[in-house]
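The opening residue of the sequence shown carries number 35 in the numbering used here; numbering runs sequentially from there.
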Amino acid sequence: MVKRSRSRRMAESAWGVLLVGKAVILSAVVALLLASGVWVSWGTAQHVMLSKGRERGTMTVAACGDKTCTGPFVPTGPATARPRVTITRSVTHRTGEKLKVAVEPGTDDVVRTGWSGVLYAWVPLGGALLLAALVLAGGLRMPRSAWTAGLAGAALMVAAFALL
Numbered sequence: 035m036v037k038r039s040r041s042r043r044m045a046e047s048a049w050g051v052l053l054v055g056k057a058v059i060l061s062a063v064v065a066l067l068l069a070s071g072v073w074v075s076w077g078t079a080q081h082v083m084l085s086k087g088r089e090r091g092t093m094t095v096a097a098c099g100d101k102t103c104t105g106p107f108v109p110t111g112p113a114t115a116r117p118r119v120t121i122t123r124s125v126t127h128r129t130g131e132k133l134k135v136a137v138e139p140g141t142d143d144v145v146r147t148g149w150s151g152v153l154y155a156w157v158p159l160g161g162a163l164l165l166a167a168l169v170l171a172g173g174l175r176m177p178r179s180a181w182t183a184g185l186a187g188a189a190l191m192v193a194a195f196a197l198l
């Protein structure tokens with residue numbers, strides 16, 4: 035039986051600690067990416083997905099600038115009509131288009147509702163999934179999880195822009 039030297043055992047132990055530390059740190063990076071994607075997405079998604087107490091209706095796109103479009107808001111329930119509300123230009127196609135929207139409380143900003151609005155609100159999570167896939171594949175050597183996360187993120191983003 036061959037006896038290992040004490041220094042060799044300590045070196046192997048230190049290498050194991052480094053590998054565990056790498057896995058813990060990269061797992062924390064993946065968790066941080068996904069948590070931040072959910073956090074950013076929820077800022078918009080809550081107005082789209084939670085309908086109780088929200089003003090909902092239709093907006094007719096009247097004019098568009100570089101980043102936003104404006105138009106009148108006609109409510110479908112007990113809300114008040116507004117002569118001018120603002121929506122992000124990336125969710126509209128042309129002036130004169132009627133969009134189903136929800137008003138963000140306390141503002142004159144609106145977000146699209148329906149499946150297109152829900153998917154568009156979760157686009158930041160799709161981007162976070164794509165970034166997490168890179169860390170999973172490259173740093174953690176988890177190719178199946180990386181493919182799953184990457185394909186889910188890409189599918190979310192493609193579906194969002196296909197429905198807009």
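For every residue, glycine included, the Cβ atom is placed at its ideal position computed from N, Cα and C.
Out of curiosity, what's the CA-to-CA distance linking Thr-94 and Leu-66?
-> By 1-based counting over the sequence shown, the position of residue 94 is 60. By 1-based counting over the sequence shown, the position of residue 66 is 32. Their Cα atoms are separated by approximately 39 Å.
Identity of the residue in Glu-131, Pro-158 and Gly-173 nearest Trp-76 by Cα = Position 42 of the sequence shown, counting from 1, holds the residue named residue 76. When only C-alpha atoms are compared, the closest one is Pro-158.
Quick one: what's Pro-109 bridged to in DSSP?
-> Stepping through the sequence shown from its first residue, residue 109 is reached at position 75. In the DSSP output, where bridge partners are listed per residue, Pro-109 has Gly-91.
Go ahead and pull the three-state DSSP assignment for Val-177.
-> Walking along the sequence shown from the start, residue 177 turns up at place 143. Checking the sequence, you will find Pro at residue 177 rather than Val. Three-state result, Pro-177: helix.
Under 8 Å by Cβ, that's how I've got Leu-163 and Gly-187 pegged, so tell me the actual separation to the nearest angstrom.
-> By one-based count along the sequence shown, residue 163 stands at place 129. By one-based count along the sequence shown, residue 187 stands at place 153. Sure, about 3 Å apart at Cβ, within 8 Å.
Beta-carbon spacing of Gly-30, Arg-90 below 8 Å = One cannot answer for residue 30 here, as it falls past the ends of the chain, which runs 35 to 198.
Consult DSSP for Pro-117 and reduce its assignment to one of helix, strand or coil.
-> On the sequence shown, position 83 is the one that residue 117 refers to. Strand, per DSSP.
According to the Cβ coordinates, are Lys-132 and Arg-146 closer than 8 Å?
-> On the sequence shown, residue 132 is found 98 positions in, with the first residue counted as 1. On the sequence shown, residue 146 is found 112 positions in, with the first residue counted as 1. Contact: no.
Determine contact between the segment 161–179 and the segment 52–65, defined as no fewer than three beta-carbon pairs at a distance below 8 Å.
-> yes
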